[in-house]
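Below is one structure; the comments refer to it alone.
In the UniProt record's numbering, the protein residues as written are 1 to 448.
Here it is in structure tokens:
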């Protein structure tokens with residue numbers, strides 16, 4: 001009896017010491033001979049202490065988490081699958097920008113399939129039950145999909161900047177073959193960068209909460225803290241800071257160009273219509289369903305005096321149509337600017353928390369675990385996964401041409417005779433970029 005009491009006291013003292021060391025962050029002390037196992041023990045000790053919530057509150061949080069993960073998963077898989085099908089089946093949609101969107105949709109679909117289920121299920125069970133092979137494969141495809149998605153967003157930003165701000169230079173290299181090479185480069189680069197995931201990811205055993213059975217966690221087992229910190233700094237730099245800076249710069253310059261075009265067009269509206277040498281100069285839209293980024297100049301030579309053949313009401317109707325077109329173009333440009341702001345904002349909202357959390361954990365593991373273990377880190381991951389269903393909405397479903405192509409693709413499955421002739425006109429519509437400094441012809445981009 002006395003020996004049993006001594007063993008119990010020794011166990012309690014060890015638990016208290018372990019708790020104290022975890023709270024102080026002094027995890028250089030090693031009970032099991034392995035730094036990762038000690039960290040894992042601290043992880044679960046902190047998780048047990050952080051999970052002391054009223055039963056009703058804990059159950060509600062769990063159900064909310066399950067519901068949100070399921071909604072994001074279904075929307076991501078459904079949305080990205082539709083984009084892939086529509087872009088593959090419609091030859092007229094195989095443009096440079098849409099090539100990058102197709103790569104983005106594939107990577108987002110991978111993110112949904114390989115990340116969301118394998119994050120939610122182990123988090124709810126408190127145990128990774130899929131084995132070490134799935135642990136390595138899941139981690140690798142997770143990193144690969146995040147990397148390709150980020151690089152695709154950067155490629156789209158650069159392509160749009162070149163098409164709108166430097167249209168003459170961009171037309172030389174903006175071809176589908178060049179886009180395919182860039183896409184292949186992003187995938188190869190991502191495959192190389194993410195090699196550490198299958199190398200260092202492993203199943204680490206721990207004692208379950210009931211202290212009777214052994215569980216496993218799929219996690220990165222680093223040789224030392226320096227390697228771990230260097231890895232997360234590298235990811236923070238190449239997958240967040242640099243892409244964020246490129247997107248802010250590119251879309252900021254595009255917004256400035258569009259704003260200048262809006263100011264110039266407003267100035268033209270105030271000037272009277274010019275009649276000179278039988279030429280009538282007027283402003284018109286290249287397509288009323290474009291993005292409003294471009295202005296087209298049309299000039300027609302009068303072979304006869306229009307005033308003698310046209311009633312006076314005709315010129316008034318032309319003026320009204322011209323004013324309506326100009327106002328529609330201004331509204332379209334404002335929509336484009338709002339969309340660009342949404343793109344940058346959603347990138348930072350979705351990805352900043354997870355990158356900050358990972359970097360914080362690399363430098364101050366115990367403090368980060370104490371603050372984030374359980375529901376907080378689960379919702380941070382969910383916010384990152386939200387980008388997989390937001391990207392299709394922003395880049396494709398906000399575009400009227402894509403929506404028409406979507407309807408055409410799926411309606412043809414049921415009604416082969418149905419056609420959308422106006423879609424073909426929209427897909428080949430071009431406009432002229434007019435500013436005080438340039439007058440060039442480029443392809444129309446953006447939503448409507």
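Glycine included, C-beta positions come from ideal geometry on N, C-alpha and C.
Check: With 16 other Cβ atoms within 10 Å as the buried cut-off, status of residue 216; Outcome: buried
Check: Per-residue burial, residue 351 [other beta carbons within 10 Å of its own, 16 or more giving buried]; Outcome: buried
Check: Alpha-carbon to alpha-carbon, residue 225 and residue 196; Outcome: 15 Å
Check: Where residue 208 falls: helix, strand or coil (DSSP); Outcome: coil
Check: Residue 230: first and last residue of the uninterrupted beta strand (DSSP E) it sits in; Outcome: Careful: residue 230 lies outside any beta strand (DSSP E), inside the alpha helix (DSSP H) at 225–236.
Check: Proximity winner among 60, 177, 93 and 114, relative to residue 388 (alpha-carbon distances); Outcome: 114
Check: DSSP-derived helix/strand/coil call for residue 94; Outcome: coil
Check: Residues near residue 381 by beta carbon distance below 6 Å, same chain, minus five either side; Outcome: 119
Check: Residue 219 to residue 132 span [Cα, whole Å]; Outcome: 10 Å
Check: Proximity of residue 384 and residue 356 at Cβ, strictly below 8 Å; Outcome: no
Check: Inter-stretch contact (C-beta, 8 Å, three-pair minimum) for the region 354–373 and the region 80–89; Outcome: no
Check: Status (buried if at least 16 other CB within 10 Å, exposed otherwise) for residue 329; Outcome: buried
Check: Straight-line gap, residue 213 to residue 245 (C-alpha atoms, nearest Å); Outcome: 48 Å
Check: Nearest-angstrom Cβ-Cβ length linking residue 223 and residue 139, presumed shorter than 8 Å; Outcome: That belief does not hold up - the Cβ atoms of residue 223 and residue 139 are roughly 17 Å apart, past 8 Å.
Check: Touch test, the region 147–164 against the region 92–106, Cβ-Cβ under 8 Å, three pairs minimum; Outcome: yes
Check: Residue range of the beta strand (DSSP E) that includes residue 220; Outcome: 214–220
Check: Distance CB(residue 221)-CB(residue 204) smaller than 8 Å; Outcome: yes
Check: Inter-residue Cα distance where the pair is residue 104 and residue 263; Outcome: 34 Å
Check: Own chain, CB closer than 8 Å to residue 340, minus 5 neighbours either side, in chain order; Outcome: 251, 254 and 255
Check: Alpha helix (DSSP H) segment containing residue 161, residue limits; Outcome: 132–165
Check: Integer Cβ distance of residue 110 from residue 130, believed to fall under 8 Å; Outcome: Residue 110 to residue 130, Cβ: 17 Å. No contact.
Check: Cα-Cα separation, residue 108 to residue 85; Outcome: 14 Å
Check: Residue of 89, 126 and 370 minimising C-alpha distance to residue 209; Outcome: 126
Check: Closest by C-alpha distance to residue 194, when choosing among 232, 182 and 143; Outcome: 143
Check: Residue 234 to residue 411 span [Cα, whole Å]; Outcome: 47 Å
Check: Extent of the continuous alpha helix (DSSP H) run through residue 473; Outcome: Outside the displayed range of the chain (1 to 448) lies residue 473, so it cannot be described from this structure.
Check: Other residues of its chain near residue 454: CB distance less than 7 Å, five sequence neighbours each side excluded; Outcome: Not covered by the structure: residue 454. The range shown for the chain is 1 to 448.
Check: As assigned by DSSP and simplified to three states, the class of residue 365; Outcome: helix
Check: Spatially closest choice to residue 76 from 399, 400 and 392, by CA coordinates; Outcome: 392
Check: Candidates 237, 231 and 66: closest to residue 123 by CA position; Outcome: 66
Check: Collapsed DSSP secondary structure at residue 201 in the structure displayed; Outcome: strand
Check: Range covered by the alpha helix (DSSP H) that runs through residue 189; Outcome: 176–193
Check: Exposure of residue 188, with buried meaning 16 or more beta-carbon neighbours within 10 Å; Outcome: exposed
Check: Integer Cβ distance of residue 239 from residue 146, believed to fall under 8 Å; Outcome: 7 Å
Check: Residue 190 vs residue 151 beta-carbon contact at 8 Å; Outcome: yes
Check: Beta carbon of residue 336 nearer than 8 Å to that of residue 258; Outcome: yes
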